[in-house]
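Data first, discussion second: the structure below is written as structure tokens.
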Amino acid sequence: MRSGHIKISRFNEGLTVFKPDYYLNRGKKVISDLLDKGIANSSLADLADKLYQGGIFKRVFVENENFAHQYITASDMVKTQPLDTAKNISVKYTPWVDEMTLRDKQILVSCAGTVGNTTLVNDSFSGCIGSQEIIRIETSQVPYGFLYAYLSAPIVNEYIQSMIYGAVVPRISPEELGRLPVLLPEEPKQQQIHNLIVEASKLRVEANKLLKEAQSVFETKIVKKDSCDKYRLVSSQRLKSELRLGGNYFLSIGDDYERQILSGDYKFLKDFATSIFTGGRDKRNYTTKERGLPFLSNGDISSSNPFRSCNYIVKKSVKNNSKIKENMILTGRVGQDTVGKVYLPFEELIDTIASDNIIRIQLKNDEDIFYVYAFLSSKAGNEIIRKRKSGVGQPFVTEEMFYDIPIPCINENEMALINQNVKQYRTKIDKALKLELEAINLIENEIEQWQES
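Right under this line is the structure:
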């Protein structure tokens, strides 16, 4: 149970709100106390040139990319590679395209379900159609990098949580978000924070281009069919060896890719891996950030900032096989949009704790990690993993399903390109996260100094 004292004047802020969670919110209390001290501030609405959500319409998704816009949801936007899970939405049946299009340097805030997640639009996904569950913010009043870092700070996110409404699906409107107080440091500090965020955004764009170039080595070798066969003869020997009968297994894009690879030179994933495993399911004893280790879920490892909303677990309860190591490749075990997605842990994630819903692929030789990751994270690798999934409501894969994944052999020049690109990709993504965390820490340090003054 939580309890606390609040000033009578705070009831005026809440208007008709009379909920303990509203007034006992830590972020709200800290920021409200600083406003009482007279710290320079402005409302988000006053700082924004535009603050809007986009229209609601019936979404029609299509398979053919030539007749579609890429569609980014609130969960896609925070990922390291937002386009990996983007869907194709019909050009013909999508209204208000100009209004719904995401633009470079816009700040995005999720406004339904998981409220308050933020991201900064960059060249990796600008020009896509954004979900109506994303609030767009454009500003020229303050440096946009500073405003993004401020909205990403944990203490500010907590304040935003006090503003949400809705019992079943939490929501926040652009009008409500516009009332958020923005505490303003001196302009040199704002510019310092802005520069860090701009550099981080630039590094992410460069990193994603490097990874796409590495993946293209495999994608040029494997031809994608426009559609899957509606029926196909399958030998009884194959049915017995693979122990599968589902049409989705044999009549899938992943099966087409796999058969192409098996017709050439290849090795199996088991030839590269020492072990493929999950960390095991134990009782999770959560604690504070200061006392614990980061505990990362499927959503966390795919995020451009995995520590944005992760939990922290008591150090004593951690088994060594739960920790993320540098020579591992990670992939989701459960979930419609998670199975098949593959992640390369960067420096900031080493020795953090991964959920038991994350499969670890531990390689024999460190020099193979970039090659194997580039293939498994490519379109072909993704579909070959997804081909193996089971379950209807909640698709899943098991560790045993990975050992016989075929990986095409490539020549020395292609191997050198992949190693160079993926190594640089990992370095740039890691540096981008460090710069973003540094910018957010500067915001939090300013708030702490204001509290002490």
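Counting from 1, position 40 in the sequence shown corresponds to residue 40 in full-length UniProt numbering; the numbering is continuous, with no gaps. Beta carbons: idealized from backbone N, C-alpha and C, even for Gly.
Legend entry - Within 8 Å, strictly: CB atoms of Ile369 and Arg333: Residue mapping note: residue 369 aligns to position 369 of the sequence shown, counting from 1. Residue mapping note: residue 333 aligns to position 333 of the sequence shown, counting from 1. Between Ile369 and Arg333, the C-beta gap is not smaller than 8 Å, which leaves the two residues out of contact.
Inset, instruction - State buried or exposed for Arg388, treating a residue as buried only when at least 16 other CB atoms are found within 10 Å of its CB. - result: Along the sequence shown, read from residue 1 onward, the residue named residue 388 stands at position 388. Counting Cβ neighbours within 10 Å, Arg388 comes out buried, since at least 16 surround it.
Inset, instruction - Give a yes or no on whether the C-beta atoms belonging to Leu51 and Ile135 are separated by under 8 Å. - result: Here residue 51 corresponds to residue number 51 of the sequence shown, with the count starting at 1. Here residue 135 corresponds to residue number 135 of the sequence shown, with the count starting at 1. In contact: Leu51 and Ile135 (Cβ atoms closer than 8 Å).
Inset, instruction - Please work out which residues of its chain come closer than 6 Å, Cβ to Cβ, to Leu349, disregarding the five sequence neighbours upstream and downstream, and give them in chain order. - result: On the sequence shown, position 349 is the one that residue 349 refers to. Once the five neighbours on either side are set aside, the close Cβ partners of Leu349 are Ile324.
Inset, instruction - Look up Lys323 in the DSSP assignment and give the residues it is bridged to. - result: Start at 1 with the first residue of the sequence shown, and residue 323 comes out as number 323. Paired residues: Ile353.
Legend entry - Beta-carbon gap between Tyr148 and Thr118 smaller than 8 Å: Looking up residue 148 in the sequence shown gives position 148. Looking up residue 118 in the sequence shown gives position 118. Contact flag set, yes.
Inset, instruction - Measure the alpha-carbon distance for Val115 versus Glu326 and round it to whole angstroms. - result: Position 115 of the sequence shown, counted from the start, is the residue given in the question as residue 115. Position 326 of the sequence shown, counted from the start, is the residue given in the question as residue 326. Distance between the alpha carbons of Val115 and Glu326 is about 32 Å.
Legend entry - Segments of 3+ residues assigned as beta strand (DSSP E) that fall wholly inside the region 378–436: If you keep only unbroken beta strand (DSSP E) runs of at least 3 residues inside the region 378–436, you get 406–408.
Legend entry - Thr287 (DSSP reduced to helix, strand or coil): Residue mapping note: residue 287 aligns to position 287 of the sequence shown, counting from 1. Annotated three-state conformation of Thr287 is strand, per DSSP.
Inset, instruction - Give a yes or no on contact between the region 120–133 and the region 92–110, applying the rule of three or more CB pairs nearer than 8 Å. - result: In short, these stretches touch, since the Cβ pair count reaches three.
Inset, instruction - Please determine if the region 282–302 and the region 382–397 are in contact, where contact requires at least 3 C-beta pairs separated by less than 8 Å. - result: Segments in contact, no.
Legend entry - Local Cβ density within 10 Å of Ile56, reported as buried at 16 or more and exposed below that: In the sequence shown, the residue the question calls residue 56 occupies position 56. Taking a 10 Å sphere around the C-beta of Ile56, we find fewer than 16 other C-beta atoms and assign the residue as exposed.
Legend entry - Cβ-based burial, Gly145 [other Cβ within 10 Å; buried from 16]: The residue you call residue 145 lines up with position 145 of the sequence shown. Classification of Gly145: buried, given that the 10 Å Cβ count is 16 or more.
Inset, instruction - Kindly give me the distance between the Cβ atoms of residue 454 and Ala48, rounded to whole angstroms, as I take these residues to be in contact under 8 Å. - result: No answer is possible for residue 454: it lies beyond the span of the chain, which begins at 1 and ends at 453.
Inset, instruction - Rounded to whole angstroms, what's the CA-CA distance from Val62 to Ile72? Just pull it up for me. - result: Taking the sequence shown and counting its residues from 1, the one referred to as residue 62 is at position 62. Taking the sequence shown and counting its residues from 1, the one referred to as residue 72 is at position 72. Val62 and Ile72 have their C-alpha atoms spaced approximately 14 Å apart.
Inset, instruction - Have a look at Leu183, Gly38, Gly254 and Ile107 and flag the residue whose alpha-carbon is nearest the alpha-carbon of Gly340. - result: Your numbering for residue 340 matches position 340 in the sequence shown. Taking only the C-alpha atoms, the option nearest Gly340 is Gly254.
Legend entry - Integer-rounded CB distance, given that Ile407 should sit under 8 Å from Phe375: Locating residue 375 in the sequence shown gives position 375, where the first residue counts as 1. Locating residue 407 in the sequence shown gives position 407, where the first residue counts as 1. The pair is a contact, with the Cβ atoms about 5 Å apart (cut-off 8 Å).
Inset, instruction - Indicate the three-state DSSP secondary structure (helix, strand or coil) for Glu186 in the structure shown. - result: Taking the sequence shown and counting its residues from 1, one reaches residue 186 at position 186. In this structure, Glu186 counts as coil in the three-state DSSP scheme.
Legend entry - Alpha-carbon to alpha-carbon, Arg259 and Pro154: For this step, residue 154 is matched to residue 154 along the sequence shown. For this step, residue 259 is matched to residue 259 along the sequence shown. The alpha-carbon atoms of Pro154 and Arg259 are separated by roughly 48 Å.
Legend entry - Thr398 to Val109 span [Cα, whole Å]: As a first step, residue 398 is located in the sequence shown; it is residue number 398 there, counting from the start. As a first step, residue 109 is located in the sequence shown; it is residue number 109 there, counting from the start. Going from the Cα of Thr398 to the Cα of Val109 covers about 35 Å.
Legend entry - Selected residue, minimal CA-CA separation from Arg204, among Val78, Ala354, Gly391 and Asn357: Taking the first residue of the sequence shown as 1, we reach residue 204 at position 204. Closest option to Arg204, Cα to Cα, is Val78.
Inset, instruction - Answer with buried or exposed for Lys28, where buried requires no fewer than 16 other C-beta atoms within 10 angstroms of its C-beta. - result: Here residue 28 is taken as the residue at index 28 of the sequence shown, counted from 1. Label assigned to Lys28: buried.
Inset, instruction - Put Tyr93 into one of helix, strand or coil per three-state DSSP. - result: As a first step, residue 93 is located in the sequence shown; it is residue number 93 there, counting from the start. Three-state DSSP puts Tyr93 in coil, outside helix and strand.
Legend entry - Beta-carbon proximity of Thr220 to Leu293, cut-off 8 Å: Translated into positions along the sequence shown, residue 220 becomes position 220. Translated into positions along the sequence shown, residue 293 becomes position 293. No, they are not a contact pair.
Inset, instruction - Quick one: give me the first and last residue of the beta strand (DSSP E) that Asn41 is part of. - result: Walking along the sequence shown from the start, residue 41 turns up at place 41. Per DSSP, Asn41 belongs to the beta strand (DSSP E) from Asn41 to Ser43.
Inset, instruction - Label Gln449 either buried or exposed according to how many other C-beta atoms from any shown protein chain fall within 10 Å of its C-beta, with 16 as the threshold for buried. - result: Your numbering for residue 449 matches position 449 in the sequence shown. Here Gln449 is exposed: its Cβ has fewer than 16 other Cβ atoms, across all protein chains shown, within 10 Å.
Inset, instruction - Report the three-state DSSP secondary structure of Asn117 (helix, strand or coil). - result: Here residue 117 is taken as the residue at index 117 of the sequence shown, counted from 1. Correct three-state label for Asn117: coil.
Legend entry - Sequence ranges, alpha helix (DSSP H) only - wholly within the region 42–69, length at least 4: As far as the region 42–69 is concerned, its whole alpha helix (DSSP H) runs of at least 4 residues are 44–47.
Legend entry - Coarse secondary structure for residue 514, derived from DSSP in three states: Past the boundaries of the shown model lies residue 514; the chain is included only from 1 to 453, so the question cannot be answered.
Inset, instruction - Find out if the Cβ-Cβ distance for the pair Asp404, Thr278 is shorter than 8 Å. - result: For this step, residue 404 is matched to residue 404 along the sequence shown. For this step, residue 278 is matched to residue 278 along the sequence shown. In this structure, Asp404 sits away from Thr278, with a CB-CB distance that is not shorter than 8 Å.
Inset, instruction - Mind reading off the beta-carbon distance from Ser43 to Leu180? Whole number of angstroms is fine, and I expect it under 8 Å. - result: Counted from its first residue, the sequence shown places residue 43 at position 43. Counted from its first residue, the sequence shown places residue 180 at position 180. About 7 Å separates the beta carbon of Ser43 from that of Leu180, a gap short enough to meet the 8 Å contact definition.
Inset, instruction - Give the range of the beta strand (DSSP E) segment to which Ala374 is assigned. - result: The residue given as residue 374 occupies position 374 in the sequence shown. First-last for Ala374: Ile369 to Leu376, but that is the alpha helix (DSSP H), not the beta strand (DSSP E).
Legend entry - Tyr371 beta carbon less than 8 Å from that of Ile418: As a first step, residue 418 is located in the sequence shown; it is residue number 418 there, counting from the start. As a first step, residue 371 is located in the sequence shown; it is residue number 371 there, counting from the start. Note that the C-beta distance between Ile418 and Tyr371 is below 8 Å.
Inset, instruction - Run the CB neighbour count on Ser32, radius 10 Å, all protein chains shown included, and call it buried at 16 or more, exposed below. - result: By 1-based counting over the sequence shown, the position of residue 32 is 32. Burial check for Ser32: the Cβ neighbour count within 10 Å reaches 16 or more, so the residue is buried.
Legend entry - Where Lys76 falls, given that 16 or more other Cβ within 10 Å makes a residue buried: Here residue 76 corresponds to residue number 76 of the sequence shown, with the count starting at 1. As written in the sequence, residue 76 is Asp, which differs from the Lys given in the question. Around the Cβ of Asp76, a 10 Å sphere holds 16 or more other Cβ atoms; the residue is buried.
Inset, instruction - From the DSSP output, in three-state form, read off Tyr149 for me. - result: Within the sequence shown, the letter at position 149 stands for residue 149. According to the sequence as given, residue 149 is Ala; it is not Tyr. For Ala149, the three-state secondary structure derived from DSSP is helix.
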